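Quick note, my numbering runs 4 ahead of the 1-based positions in the sequence shown. Even glycine gets a Cβ: it sits at the ideal position worked out from N, Cα and C. Remember, it's a predicted structure, so these values are computed and weren't measured experimentally. The structure appears below as structure tokens.
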Amino acid sequence: MDASRDGTIVVGVNASDSAREAAEWAADLASGQGEPLHLVHVVPGSYQDAPIAVLPVWLAELRATARRLGVRDCVAEVRPGEPVGVLTACADGAAMLVLGSYGDGAWSGMLAGSVALALLERVRCPVAVVRGASPRVPPPRGGPVVVGVDGSPAGRAALDVAAGLAGAMGARLMAVRVWSDVVAASDGAAHRRTEDWPVLEAEARDLLEAELARVTATHPGIEVQRDVDEDSPLRALLDRAGTARMIVVGHRRLPASAPGAAGMLLGSTSRGLVEFAECPVVVVGPAMAAAPPADLLSGT
């Protein structure tokens, strides 16, 4: 049991259709597990100011919708301040922070911008970017939970989260491991590995099996699909986005000295998924990668 995680799902909302879809997606997740839902609308002002007592009509409607979807404990509030500080504070101890991917004004393009990058660096819970195939298409409610597996600390944290989500929702876990005979050196230059392709594929399968053995020991009831492809991580995951319930990916913090790191604190795979995937994307940030594994829901 992780006593620091209370199971609350926090949703950053505004009056956009995208925020409504994100709130409904989060409400489905919360109601299925009996978890609390916290809808937060951030407005300009001092963080020391008291929350605004009167809710906008659209926010009250979002709360009513969540309750109709079966959320027993739903809080909606308007908080003055700046989005990063307010949402970071609200996400402290939460199971997940949820955001829409299409918005208006200050929220437009949020997950590709500085607000989302700052949140991913600070929060100690997964950040879900909820979207469908286009701004007016609802996010999918069925399909597998897809996760990329690479054996890194960020990848392991993402696999832990994906397994917890799959178990909580009764969904299939699709674990994807890619391999290539072209790898990047420490200076950013690409070079070709000398091993035969069957050897590289076998290495990929061995790593995938080792990682899955770890999570299936703690989630013995989940159905697991194993996919090993010769491909890039982004392309392999995008190919599966059209039929996925969601994709879970680890966010790697690149050192400032890394080639191409400028403007790329959100890794290329994470950024590409957030921008182009046709399903919700759950990004597991570096703060979670450094923490002991914990189930996403039910505070465990």
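Counting contacts by CB-CB distance shorter than 8 Å, is residue i in contact with chain D?
| i | result |
| --- | --- |
| V75 | Given the protein chain composition of this structure (a single chain), no chain D is represented. |
Whose C-beta lies closer than 6 Å to the C-beta of residue i among residues of the same chain, with five residues either side of it excluded?
| i | result |
| --- | --- |
| G1 | With the chain represented from 5 up to 304, any question about residue 1 goes unanswered, as that position is not in the structure. |
| G264 | Because the pLDDT at G264 is just 36, under 50, the model does not fix this residue reliably, and the point stays unresolved. |
| A68 | none |
| D235 | V182 |
| R308 | One cannot answer for residue 308 here, as it falls past the ends of the chain, which runs 5 to 304. |
| A34 | I13, L41 and V75 |
| H223 | A167 and G171 |
| R244 | V150 |
Below 8 Å CB to CB, which residues in the same chain sit around residue i once its five sequence neighbours on both sides are set aside?
| i | result |
| --- | --- |
| T12 | E39, P40, L41, H42, G97, A98 and A99 |
| E205 | W183, V232 and E234 |
| Q229 | P148, R176, L177, M178 and A179 |
Compute the Euclidean distance between the alpha carbons of residue i and residue j, then round it to the nearest angstrom.
| i | j | result |
| --- | --- | --- |
| E351 | V75 | This structure does not reach residue 351, given that the chain is present from 5 up to 304, and the question cannot be answered. |
| A134 | L103 | For the record, residue 134 in the displayed sequence is Val; it is not Ala. The alpha-carbon atoms of V134 and L103 are separated by roughly 6 Å. |
| P87 | V46 | 6 Å |
| L325 | E207 | Because the chain is modelled from 5 through 304, residue 325 falls outside the range shown and cannot be assessed. |
| R197 | R24 | 48 Å |
| A95 | V15 | 9 Å |
| V165 | R239 | 21 Å |
| T92 | V203 | 45 Å |
| V232 | T273 | 17 Å |
| D77 | P143 | 23 Å |
| M178 | V288 | 17 Å |
| A306 | P290 | Given that the chain is displayed from residue 5 to residue 304, the structure contains no residue 306 and the question cannot be resolved. |
| E227 | R126 | 32 Å |
| P148 | G276 | 20 Å |
| V150 | H255 | 15 Å |
| E213 | L123 | 32 Å |
| M308 | A221 | With the chain covering only 5 through 304, there is no way to say anything about residue 308. |
| V141 | G159 | 29 Å |
| D32 | D10 | 18 Å |
| V79 | S105 | 22 Å |
| A57 | P130 | 29 Å |
| A248 | L169 | 13 Å |
| V278 | G271 | 11 Å |
Kindly examine the ligand MG and report whether one of its heavy atoms sits closer than 7 Å to the Cβ of residue i.
| i | result |
| --- | --- |
| W183 | This structure simply doesn't include the ligand MG, nor any ligand for that matter. |
Residue i: which of the options sits nearest, CA to CA?
| i | options | result |
| --- | --- | --- |
| A162 | A30, M292, V15 and V14 | M292 |
| A26 | R145, V219 and R126 | R145 |
| A319 | L277, I226 and P284 | Here the chain covers residues 5 to 304 and nothing more, so residue 319 does not appear. |
| E49 | G225, A170, M250 and G89 | Looking at the sequence provided, one finds Gly at residue 49 rather than Glu. Measuring from the Cα of G49, the nearest candidate turns out to be G89. |
| G36 | M173, A245, P157 and G271 | M173 |
| G225 | A57, A175 and P130 | A175 |
| V286 | L101, D10, A57 and V79 | L101 |
Spatial neighbours of residue i within its chain, please: CB distance less than 7 Å, with the 5 preceding and 5 following residues excluded, ordered by chain position.
| i | result |
| --- | --- |
| G155 | L211 and E215 |
| F280 | L242 |
| V219 | L163, D164 and A167 |
| A217 | none |
key: contact_flag[the region 57–73, the region 17–33] where n(CB pairs < 8 Å) is 3 or more   = Result yes; three or more Cβ-Cβ pairs closer than 8 Å.
message = Measuring CB atoms only, is the region 67–74 touching the region 82–93, in the sense that at least three cross pairs come out at less than 8 Å?
response = Too few Cβ pairs lie closer than 8 Å, so no.
query = Where in the region 28–80 do unbroken runs of the alpha helix (DSSP H), each at least 4 residues long, occur, reported from the N-terminal end onward?
reply = You should have 61–72.
key: Contained alpha helix (DSSP H) runs [length at least 4] in the region 202–258, N- to C-terminal order   = Within the region 202–258, the complete alpha helix (DSSP H) segments of 4 residues or longer fall at 237–245, listed in chain order.
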